[in-house]
Amino acid sequence: MGAPRVRIAPSPTGFFHVGTARTALFNWLFTRRHGGAFLLRIEDTDEARDREEWVDGIVDALDWLGLSPDEPPVRQSQFAPAHREAAQRLFDAGALYGCDCTREAIEARLEGTGRTGYDGHCRDRGLARGPGVALRFRVQDEGVTVVHDVILGDVEFPNDAIEDFVVVRSNGTVLFALSNLVDDRAMAITHVIRGPEHLANAPKQLMLAAALDHVEDHVALTPAFATVPLLVNEQRKKLSKRRDPVSLESYRDQGYLADAIVNFLALLGWSPRGDEEKVDRATLVAQFALEDVNHAPAFFDVAKLTHLNGEYIRDLDLDAFIAACRPWVAPTPGEWSPEGQAPPWPPERFDEAVFRSIAPLVQERVATLGEVAPMVDFLFLEDPPRDPQAFDKAIRNQPLAAAVLADALATLATADFDAAALHAVLVEVGERHDLALRRAQAPVRVAVTGRSIGPPLFESMALLGRDEVRRRVAAALRDAG
RNA sequence: GCCCCCAUCGUCCAGCGGCCAAGGACGCCGCCCUUUCAAGGCGGUAACACGGGUUCGAAUCCCGUUGGGGGUGCCA
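Mapping of the first sequence onto our numbering: position 167 corresponds to residue 296, and the numbering continues sequentially without gaps.
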């Protein structure tokens, strides 16, 4: 095929929906594969809802995902004159007719007939355009309209099941079916790859396109359609912004990596060849084909995303990992940082070198970057955070804990403070109290880190240093009761 | 109601008539490793919705049933 031109056409709603991200990805992969152009058109028809910063949000989200459009974003509103002109031509040619029926009037006429939709009441009334008069498309009474969907194959819509739909509001503005088509033609879009909520629009747009071909000076390109499967929640319902976590920004805030999200999204309705699901973008691009995309809805499984994200985190080299953690552990003013997730310690207490030392141990223990700060907070807080449950279990209600702590406190006064030596110390202390290391380290861990789980203890102690470790052990001993 | 889409392990996919007593991944369970927790290694659990065809042969093709979902707006 020639170089395809595709687009995504999100409306600025305040956040970037993961479903939009998935659709964007499939569009993007398709064009990367075939050397075409991936475009962004902001669907800003509803002026009341349009906000400039929301547009920026869309652009930022795409950039972050690495799915930047190949041309500057365009706005649907800029095509408004073209919408009106197309509508007028269709009206002049008789493809559209005026209708002043109210919803109530239509329903009243249909009452008891068992029929729904529009009854064609105004079809031959010859109403002129004007205030209070909407324009409807005269749909063929018979025959079928076939949508040659690249993914679904031929989908047939009986024309008699499609009512004479409104194309132009009574206030003169043009509705989605036409405006969207006019925009796509103006942008020379070759493939409209979108979600299944738009499938029912396809036959209408095909009808409009055919009608337009009759009234325009030149025959414009009618894009091919491709319907990607719906993204659903555990209830198998379309992802809802109210009940489901669908904002891409929230995933970014939690510390999901763009590459992991892209990889995961690609797996929803499609899969790379072979047994390996974790694949880089080059592989995605090389193997992606619309024809291979599934038809069935896919559940957006965060658990799987999280696992994949952990793998991507572990794949980072140390410097990259540390850099990736920065917004969560030491955010730079003016740069992006996760919303509502300031580090739990005072900024001045953060120690770059200490973090660097603990980083490799943290890297293999987190699945998201948001988990990093809570895991290392004891290193940068004045006093360790104290988990009451852990303290009670490992110290207060542990008969041998006080003795172990006291022994450790004494022994630590002279021990070398490197991980290996500290390991040996705790083994020794344990032996003196007839405790295995796993038991002996427990109270010390809680005393030093405040919790019963966390990074390896001896490395952590070495980083804290003798004085601080002994201070914390002494404090725990004092509080043991 | 009407139109349309869909149907393989709990989940995401592989399978596109014989290589399938159905494969991978996530999850879950167990074991190993082990200073906690992870990670990692090993093993296990678990599916072709149902009924008819077509065919020498069906998870794969056709029809129906059932079940899910999407759409049915002077929203996009």
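C-beta: ideal position from N, C-alpha, C; glycine also.
Bear in mind the structure is a predicted one, so any value in this text is a computation, not a measurement.
Item: Between which two residues does the beta strand (DSSP E) carrying histidine 277 extend?; Value: 273 to 278
Item: Does the stretch 493 to 501 come close enough to the stretch 563 to 577 to have 3 or more Cβ pairs within less than 8 Å?; Value: no
Item: Helix, strand or coil for serine 369? Go by DSSP, reduced to three states.; Value: coil
Item: Run the CB neighbour count on histidine 320, radius 10 Å, all protein chains shown included, and call it buried at 16 or more, exposed below.; Value: buried
Item: Could you name the residues of the same chain whose beta carbon sits closer than 8 Å to that of histidine 163, not counting the 5 residues immediately before and after it, in chain order?; Value: Met130, Ala132 and Pro133
Item: Is the stretch 459 to 466 close to the stretch 390 to 403, with three or more CB pairs under 8 Å?; Value: no
Item: Under a Cβ-count criterion, where at least 16 other Cβ atoms within 10 Å of its own Cβ denotes burial, should tryptophan 465 be classed as buried or exposed?; Value: exposed
Item: Taking just the CA atoms, how far does proline 489 sit from alanine 605?; Value: 28 Å
Item: Evaluate threonine 160 with the Cβ neighbour count: other Cβ atoms within 10 Å of its Cβ, from every protein chain shown; 16 or more gives buried, anything less gives exposed.; Value: buried
Item: Taking 9 Å as the cut-off, decide whether the C-beta atoms of arginine 105 and leucine 350 are in contact.; Value: Any property of residue 105 remains undetermined from this structure, which presents the chain solely from 130 to 610.
Item: Around the Cβ of threonine 152, are there at least 16 other Cβ atoms within 10 angstroms (buried) or fewer (exposed)?; Value: buried
Item: Between which two residues does the alpha helix (DSSP H) containing leucine 264 stretch?; Value: Note, leucine 264: premise wrong, no alpha helix (DSSP H); beta strand (DSSP E) at 263 to 266.
Item: Taking aspartate 480 as the reference, which of Ala211, Gly195, Ala471 and Phe509 has the closest Cα?; Value: Phe509
Item: Compute the beta-carbon to beta-carbon distance between aspartate 199 and phenylalanine 155, rounded to the nearest angstrom, for a pair I have assumed lies under 8 Å.; Value: No, aspartate 199 and phenylalanine 155 are not in contact; Cβ-Cβ is about 16 Å, not under 8 Å.
Item: Which of helix, strand or coil does DSSP assign to leucine 359?; Value: coil
Item: Compare the Cα-Cα distances from glycine 398 to each of Thr242, Val573, Arg238 and Ile280 and report the closest residue.; Value: Ile280
Item: Straight-line CA distance for valine 558 to valine 533?; Value: 7 Å
Item: For isoleucine 322, write down the residues that DSSP places opposite it in a beta bridge.; Value: Ala355
Item: On the CB-based measure, 16 or more other CB atoms within 10 Å of its CB, does serine 308 come out buried or exposed?; Value: buried
Item: Take every Cβ of the stretch 410 to 426, pair it with every Cβ of the stretch 443 to 451, and state whether three or more of those distances are shorter than 8 Å.; Value: no
Item: Rounded to a whole number of angstroms, what is the C-alpha to C-alpha distance between threonine 274 and alanine 387?; Value: 40 Å
Item: Answer yes or no: the CB of leucine 386 versus the heavy atoms of the ligand HEM, is any distance below 8 Å?; Value: Looking at this structure, you won't find the ligand HEM or any other ligand, since it has none at all.
Item: Enumerate in chain order the residues of its own chain whose CB-to-CB distance from glutamate 468 is below 7 Å, with the five nearest sequence positions on each side excluded.; Value: Asp382
Item: DSSP on leucine 225, reduced to helix/strand/coil?; Value: strand
Item: Which residues bound the alpha helix (DSSP H) around isoleucine 451?; Value: 447 to 458
Item: Apart from the five residues just before and just after isoleucine 318, which ones in its own chain have a Cβ nearer than 6 Å to its Cβ?; Value: Arg134, Arg136 and Pro352
Item: For proline 513, count the other beta carbons within 10 Å of its own beta carbon; 16 or more makes it buried, fewer makes it exposed. Which is it?; Value: buried
Item: Should the stretch 257 to 268 be called in touch with the stretch 297 to 305, which here means at least 3 C-beta pairs below 8 Å?; Value: yes
Item: Taking C-beta to C-beta, are valine 554 and alanine 537 nearer than 9 Å?; Value: yes
Item: Isoleucine 171 lies in the beta strand (DSSP E); which residues open and close that run?; Value: 166 to 171
Item: What are the residues that DSSP puts in a beta bridge with phenylalanine 428?; Value: Val361
Item: For aspartate 312, which residues of its own chain have a beta-carbon under 7 Å away from its beta-carbon, when the five flanking residues on both sides are left out?; Value: Arg170, Gln205 and Phe208
Item: Once DSSP output is grouped into helix, strand and coil, what is the label at serine 589?; Value: helix
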